[in-house]
Every structure is written in structure tokens, then in C-alpha cells.
Amino acid sequence: MDINDVRGLGTVFALIAFIGIIAWAYSSSRKTRFDDDANMVFKDEDIAQRSALAETTKND
């Protein structure tokens, strides 16, 4: 076994790991979590708007 065999096995291992990560990311069981994570920024804006509105009404 020489260095080229090790490099080839490393490449195969990296390819298998890459395919595993892609399969994990696109699995349907993760869709709801990723959708929630994607909308997290908008939820923060809603909370900020409600806080500002509550503070405005509190000062009146």
C-alpha cells in the first residue's frame, strides 16, 4: 500500500461523508426544523415590533 492508495481511500471517505451530509440536510424529517430556523429572523422582528408597541402604549 503506497501513498496513492491512502489518497484514494481518503477521497472515497470524503465522498461518502459528503453524500451523508447531503442526505441528512435534505431528509424530510428535518424540514420543519430548518423551516423554523429560516424564519427565526422574522420572528425576532415580530417580537421587537410588539415590544416597541407595548412600550409606546405604556408611555401614553
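In terms of the numbering used here, the sequence shown has 10 at position 10, counting the first letter as 1, and numbering is strictly consecutive.
Glycine is no exception: its CB is placed at the ideal position from the N, C-alpha and C atoms.
In angstroms with no decimal places, state the Cα-to-Cα distance between residue i and residue j.
i: V6; j: I16; result: 15 Å
i: R30; j: W24; result: 8 Å
i: D44; j: T57; result: 20 Å
i: A14; j: M40; result: 32 Å
i: S28; j: G10; result: 29 Å
i: V12; j: D2; result: 16 Å
i: G8; j: F18; result: 15 Å
Near residue i, what residues of its chain come up, given a Cβ to Cβ distance below 8 Å and the 5 sequence neighbours on each side ignored?
i: I21; result: none
What residue range does the alpha helix (DSSP H) around residue i cover?
i: D36; result: K31 to A38
i: D2; result: Where D2 is concerned, there is no enclosing alpha helix (DSSP H), given that its DSSP letter is neither H nor E.
So what's residue i in DSSP terms, helix, strand or just coil?
i: S28; result: helix
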